[in-house]
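Just so we're aligned: the sequence shown equals residues 25 to 302 in the numbering used here. Heads up, the thing below is written out as structure tokens.
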Amino acid sequence: MSKTTLATTPDGYVLVPSVLRRPDRSPRFNFVVAQALMNDLGIKHLVQHELFHGGFEIAARRFFDHHLRDGDLFLDIGAHVGSFALTMATNPAHIRVVAVEPLPLNVHQLIKAVHANQVQDRVAVVAAAVDQQRGMAQLHLSQGTMGGSLLPPRAELAKAATLAPLHVPTITLADAAAVAGPLTNFKRVFAKLDVEGVEPRLLAASQDLLESGKIAALLVEKGNTAAGGEGLAAFAAMLERLQALGFAAHRFDAGHLVPYVLGPDNTDVVLLSPGLQG
């Protein structure tokens, strides 16, 4: 990591300033990261991009940040340490954020960041995974703070796994939204889904929410699990269902949205409701 001096909290957590700025040029918020995790691959990737490369997943964050208005709800599903949740919670509009994350290490840092940035009145943190139904499930862990999945690893990866699965509670996407209150309390709902391949099945179980007319935009990660075979077929079927409901698929190209054509490449797919199209 390029050398830079980062502030720390009295209890030893590192404060990583957001690339997003207030009118006075001060950071909109700080990530709060345990010193022991600064060399975690996921954290290091986030910090490098936030400090030196224009921001972590900045095109997607700016997209939501631009469109949020008073009375909106933002669902951060697979919140990690809060890059999306904290961005939206510090938006000038009066909105609510529900951040759902199953990995305890990440939940702890997310809660620390919510309080350090004084946005606890806007953000509800839920320690769970989002799936097609409520219950308990095995979270198959990666070697770091990113990449854990409810999907079992491929055979060759399973043989090399050194971490036992973690049993975590699961909730539905509708349950996550309900944490903030009835849908009737909100004008629109925006959601980011980064759940390592579970996106198709959790959205298949979210038909009532998708048909409610409240969903303005969804960001769905298309990762390695959807590169081919059954995973790609499931992703294609998910897109067809969403397009039948009027959503239009896009991806980011140099920070701008362009129409998305299904292929094997990993990317973030943004589904726009009719109200955001055109």
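We put the beta carbon where it would ideally sit given N, CA and C, even for glycine.
Rounded to whole angstroms, what's the CA-CA distance from L146 to R93? Just pull it up for me. Mapped onto the sequence shown, residue 146 falls at position 122. Mapped onto the sequence shown, residue 93 falls at position 69. The amino acid at residue 146 is misidentified as Leu; the sequence shows Arg. Distance between the alpha carbons of R146 and R93: 14 Å.
Outcome for V285 when other beta-carbon atoms lying within 10 angstroms are tallied against a minimum of 16: Start at 1 with the first residue of the sequence shown, and residue 285 comes out as number 261. Its Cβ having fewer than 16 others within 10 Å, V285 is exposed.
Expressed to the nearest angstrom, what Euclidean distance is found between the alpha-carbon atoms of L134 and A113? Here residue 134 refers to the residue found at position 110 of the sequence shown. Here residue 113 refers to the residue found at position 89 of the sequence shown. Straight-line Cα distance between these residues: approximately 12 Å.
Can you give me the Cβ contacts of K216 inside the same chain, cut-off strictly under 6 Å, excluding the 5 residues immediately before and after it? Here residue 216 refers to the residue found at position 192 of the sequence shown. Within its own chain, the residues whose Cβ lies closer than 6 Å to the Cβ of K216, once the five positions on either side in sequence are excluded, are D100, F108 and L243, listed in chain order.
If you draw a straight line from the alpha carbon of L295 to that of V213, how long is it in whole angstroms? Translated into the one-based positions of the sequence shown, residue 295 becomes position 271. Translated into the one-based positions of the sequence shown, residue 213 becomes position 189. Looking at the backbone, the Cα of L295 and that of V213 are separated by about 12 Å.
Quick one, are the C-beta atoms of V56 and K136 less than 8 Å apart? Within the sequence shown, the letter at position 32 stands for residue 56. Within the sequence shown, the letter at position 112 stands for residue 136. K136 sits close to V56, with the two beta carbons spaced by under 8 Å.
What's the C-alpha gap between F271 and V150? The residue given as residue 271 occupies position 247 in the sequence shown. The residue given as residue 150 occupies position 126 in the sequence shown. Going by the C-alpha atoms only, they are around 27 Å apart.
DSSP on R225, reduced to helix/strand/coil? Locating residue 225 in the sequence shown gives position 201, where the first residue counts as 1. In the structure shown, R225 sits in a helix (DSSP, three-state: H, G or I).
Could you pull the start and end residues of the alpha helix (DSSP H) that I67 belongs to? Residue 67 sits at position 43 when you count from the first residue of the sequence shown. Start and end: L65 to F76.
Are the CB atoms of I195 and R158 nearer to each other than 8 Å? Locating residue 195 in the sequence shown gives position 171, counting from the first residue. Locating residue 158 in the sequence shown gives position 134, counting from the first residue. A contact, by the Cβ cut-off of 8 Å.
Touch check for the segment 30–50 and the segment 62–81: three-plus C-beta pairs under 8 Å? Result yes; three or more Cβ-Cβ pairs closer than 8 Å.
State yes or no: is the C-beta of L175 within less than 8 Å of the C-beta of T291? In the sequence shown, residue 175 corresponds to position 151, counting from 1. In the sequence shown, residue 291 corresponds to position 267, counting from 1. Here L175 is not near T291, since their CB atoms are 8 Å or more apart.
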